[in-house]
Structure formats: structure tokens, C-alpha cells
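Chains as they are written, first to last, in this note's numbering: chain A, 1 to 281; chain B, 1 to 168.
As C-alpha cells, this is what we get:
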């Protein structure tokens with residue numbers, strides 16, 4: 001079967017014919033191609049274990065094991081192609097879907113994810129991530145911003161200001177992401193912009209993940225006095241990740257301008273039209 | 001009269017770390033949301049007054065809070081409406097407008113009354129088709145686009161009677 005793909009003047013994204021997952025991103029005018037597999041996973045929230053009775057909760061992220069579970073091994077896909085937008089609708093499960101969008105003239109891929117209500121009928125709290133896996137040799141480093149300003153270099157299992165004895169291989173490598181996270185091998189850079197603050201990390205070379213939603217069943221004994229559970233059947237959340245692929249030297253200009261446009265996005269107000277004049281006479 | 005004092009107050013209360021990081025009990029988080037929503041109302045009046053003054057015509061402006069789930073009563077029910085797009089950035093931006101609409105075709109005109117390419121896209125994950133059109137908005141300014149539904153001629157069983165020709 002022909003490869004499922006979407007394309008504009010600058011970018012082409014292809015999708016795996018069997019799984020329906022994103023497979024490659026290509027920057028056409030820079031002849032830059034990067035295999036990028038993106039999918040959703042979930043960490044099983046810890047309720048305390050032999051090492052520590054600390055549970056995952058509103059204050060604490062603590063998965064019960066290092067390896068997250070895939071939400072699904074494949075996605076049902078639906079392609080929409082028009083002159084004004086090309087998009088692939090992906091359905092990973094009843095509570096996890098995404099639209100991968102490309103508008104004319106834009107240099108980023110828009111991933112609009114919709115997650116929830118997170119099922120907890122199995123009595124397991126879940127912490128949902130969107131993970132991007134690439135072959136980039138990032139040597140244990142990644143970059144996250146601080147309130148959209150200074151970008152800090154992060155190194156796995158390391159702290160610049162003290163000798164870290166890493167006891168939490170996942171949570172101990174998670175950092176706040178207010179607007180962007182990126183990985184680079186010095187030549188190619190993959191940047192993901194967020195539309196809200198999220199937790200993020202790079203737990204393996206070439207990999208980058210962002211936490212999009214959580215639903216937990218036990219209080220973390222830090223003062224809230226109730227689990228992060230939401231009322232009734234739980235909420236579903238929709239957000240967007242903007243994905244940029246660029247050469248390392250050109251990437252900053254791209255993500256800085258786009259992040260500004262994302263933060264100060266245009267506002268739309270509707271009206272029937274034809275109202276009376278505001279000014280006298 | 002609109003005012004932003006309520007929203008200012010709500011934003012001030014929400015500087016608490018519980019509001020910023022979501023470490024409050026559920027009912028407190030719900031109350032934070034309630035305070036924000038209560039602050040929005042008077043602000044929308046303020047914005048409507050500003051837009052009326054700046055655009056020169058009084059309108060009953062409609063702020064669609066649920067565009068992210070393709071819900072907007074005005075664009076889904078009106079055959080004609082205007083779309084004001086405000087750009088808070090200090091530079092011009094091009095932006096794709098997406099609005100849920102009812103079926104059919106639409107004619108979109110830009111501020112200089114030129115027709116703009118538009119598309120109604122059926123989406124597999126939503127009951128509502130969406131009208132898309134590219135907008136260009138000046139720095140720290142706004143553009144007003146007009147949208148008019150075009151009656152779609154459906155082929156009848158019998159071709160319509162020819163209009164009586166008026167010979168001039």
C-alpha cells in the first residue's frame with residue numbers, strides 16, 4: 001500500500017503502514033529526514049513499595065516501574081487532505097486519540113492530542129506520556145526551558161550542583177517544561193513546543209517524552225489528603241504539541257518565533273455583523 | 001460596563017502554588033475554575049466595548065469558549081456572521097481560522113472585501129464540519145472577515161422553471 005503521508009511546501013510526514021504511528025519527518029528544502037516514531041504510553045503510578053512507601057500523587061510523580069506500557073501497539077488512521085489542511089486522525093484507544101496536522105506555509109507539525117477519561121477500573125493509577133523516539137545520538141543530554149526564557153541543559157542521572165545518588169531512574173530525570181523541550185546530536189535538532197506546562201524528559205538517547213495527563217488512586221501524603229483522581233468519570237484533556245525539525249544552528253530562530261506565536265496566539269471573536277454605528281452621526 | 005477587576009482578582013488568588021501546580025483538593029481546584037469563569041464575564045463586556053469603539057460598530061460579540069472541541073453556537077447556526085481576529089503579537093501573523101459550521105458552502109471576504117479561499121472540512125472525529133480560511137492579522141491589531149453561507153443548489157427531480165426572460 002502507498003505510504004500514508006501529509007505534506008506542504010516545507011515538510012513531509014510519513015506514517016507506518018502497519019501501526020499508523022508517525023514514522024518520519026522530512027524538511028524538504030533542507031534535505032533533512034529524521035525517523036521519528038511517536039506514540040502514547042502510560043506509567044503505572046506507584047502506591048509505595050519495598051524501597052519507599054512514597055506513592056505517586058498531586059505533589060509526587062513516582063511510577064512503579066521504569067518501563068511504561070503502550071496505550072496501544074497501533075492506531076486506527078483516517079486521512080483528510082484539502083487545499084487548506086492535510087491531517088491524519090489517529091485513534092489509539094477509546095480514551096486516546098490525536099490529529100497530526102500540516103497547514104500550507106508552516107514549518108511545524110501540529111499534534112493535537114486528546115486523552116481521557118483515563119480508565120482506572122483495574123485499580124491502577126496511570127500517568128500518560130507522549131513519547132518521540134529517534135536515532136539521534138544525544139549522549140544523555142536534553143534541553144528544557146524555564147518559563148519560556150532560559151533553556152537549561154539537562155543530563156541524565158546528574159545534577160550540576162551536587163553529587164546525585166539517583167534513586168528514581170524515571171522521576172529523578174523529569175523536569176518542568178513550560179514551553180519547549182528539545183534533543184540534538186549537534187547537527188540535527190528535534191524540538192517540541194507545548195501549549196501548557198508539562199513534565200518532560202529524555203530517558204534514553206534520541207528519545208523525548210512529555211506527560212499529558214494523570215489519574216491516581218492514592219494520596220501522596222504531602223498534605224492534599226486526597227488522590228489526584230478528579231470527580232465522577234474523570235476528565236478528558238485536549239492540547240497541542242508543535243514539532244519542529246531543523247539543523248541545530250537554525251533551530252533556535254524557528255522555535256523562538258513559533259513559541260511566541262503560540263503563547264500570544266490570535267484571539268477570535270464572532271458577531272452577527274451589520275450592527276449600528278458606534279460613533280454618533 | 002465591563003471591567004477586568006474580577007479577573008485580576010481571580011488571577012491574583014491563583015498565584016497560590018496549589019493553583020499553579022494543581023496540588024489542591026478537587027473542590028478547591030473547582031473553585032479556582034469558578035473564580036476564573038466569573039472573571040471572564042465582565043471582561044467580555046470590556047472587550048466588546050473596545051472592539052465596538054475600534055471597529056466603529058456596536059455588535060453583540062460572541063466569544064466561543066469551546067472552539068477546541070468544535071462547538072460555537074453562532075458559527076454553527078448563522079448563515080452570515082463576522083469574525084474578528086485580534087493579534088497580540090508585535091508582528092503581523094498569518095493564521096488558519098477553523099470554525100465549526102453547519103453543512104454547505106461559505107463565502108469568506110477579507111477586510112478589503114476580497115474573497116478568501118475557504119474550505120469546509122468533514123472531520124472523522126467530530127460531528128461538526130469545520131470552515132477553514134487563512135487570515136492575515138496586523139501587528140497588535142485586528143482583522144474583520146465576513147462569512148456568508150452560499151445556498152447550495154440541489155438538483156431537483158425536475159429542472160427549475162426557466163426565469164421569464166425580460167427582453168430589453
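Here a beta-carbon is modelled for each residue, glycine too, at the ideal position from N, C-alpha and C.
Straight-line spacing of the CA atoms in residue 199 (chain A) and residue 211 (chain A) works out to 5 Å.
At a cut-off of 8 Å between beta-carbon atoms, residue 93 (chain B) makes contact with chain A.
Annotation for residue 184 (chain A): the continuous beta strand (DSSP E) segment containing it runs 180–184.
Contacts between residue 78 (chain A) and chain B, judged by CB atoms closer than 7 Å, involve 124 in chain order. Where residue 249 (chain A) is concerned, the enclosing alpha helix (DSSP H) starts and stops at 248–263. Where residue 47 (chain B) is concerned, the enclosing alpha helix (DSSP H) starts and stops at 26–55.
Taking the CA atoms as reference points, residue 130 (chain B) sits about 20 Å from residue 105 (chain A). Where residue 44 (chain A) is concerned, the enclosing beta strand (DSSP E) starts and stops at 32–44. Among the residues of the region 259–274 of chain A, those with a Cβ less than 7 Å away from any Cβ of chain B are 260, 261, 264, 266, 267, 268, 269, 270, 271, 272, 273, in the order of the chain. The closest CA to that of residue 243 (chain A), considering only A:217, A:215, A:183, A:277, is found on A:183.
C-alpha of residue 80 (chain A) to C-alpha of residue 86 (chain A): approximately 6 Å in a straight line. Straight-line measurement puts the Cα of residue 258 (chain A) at about 16 Å from the Cα of residue 267 (chain A). Nearest to residue 7 (chain B) by C-alpha distance, out of B:23, B:43, B:64, B:24, is B:43.
One thing to note: residue 119 (chain B) has its Cβ within 8 Å of the Cβ of residue 84 (chain A). Along the region 64–89 of chain B, going in chain order, the ones with a CB nearer than 8 Å to a CB of chain A are 64, 67, 68, 69, 72, 74, 75, 78, 80, 81, 82, 83, 84, 85, 86, 87, 88, 89. Our two residues, residue 102 (chain B) and residue 147 (chain B), have alpha carbons roughly 13 Å apart in a direct line.
Distance between residue 148 (chain A) and residue 256 (chain A), taken at the CA atoms: about 9 Å.
Rounded to whole angstroms, the Cβ separation of residue 60 (chain A) and residue 220 (chain A) is 4 Å, and the two are in contact under 8 Å.
Where residue 18 (chain B) is concerned, there is no enclosing beta strand (DSSP E), although the alpha helix (DSSP H) around it starts and stops at 17–21. Taking a beta-carbon distance threshold of 8 Å, residue 115 (chain B) does not count as an interface residue toward chain A. The beta-carbon separation of residue 97 (chain B) and residue 123 (chain B), rounded to 15 Å, does not stay under the 8 Å limit for a contact. Residue state for residue 128 (chain B) is assigned as coil, using DSSP reduced to three classes. Looking at the backbone, the Cα of residue 115 (chain A) and that of residue 64 (chain B) are separated by about 22 Å.
The beta carbon of residue 26 (chain B) sits closer than 8 Å to some beta carbon of chain A.
Residue-level contact by beta carbon fails for residue 9 (chain A) and chain B, as no gap is shorter than 8 Å. Put simply, of A:13, A:250, A:175 the residue whose alpha carbon is nearest the alpha carbon of residue 203 (chain A) is A:175.
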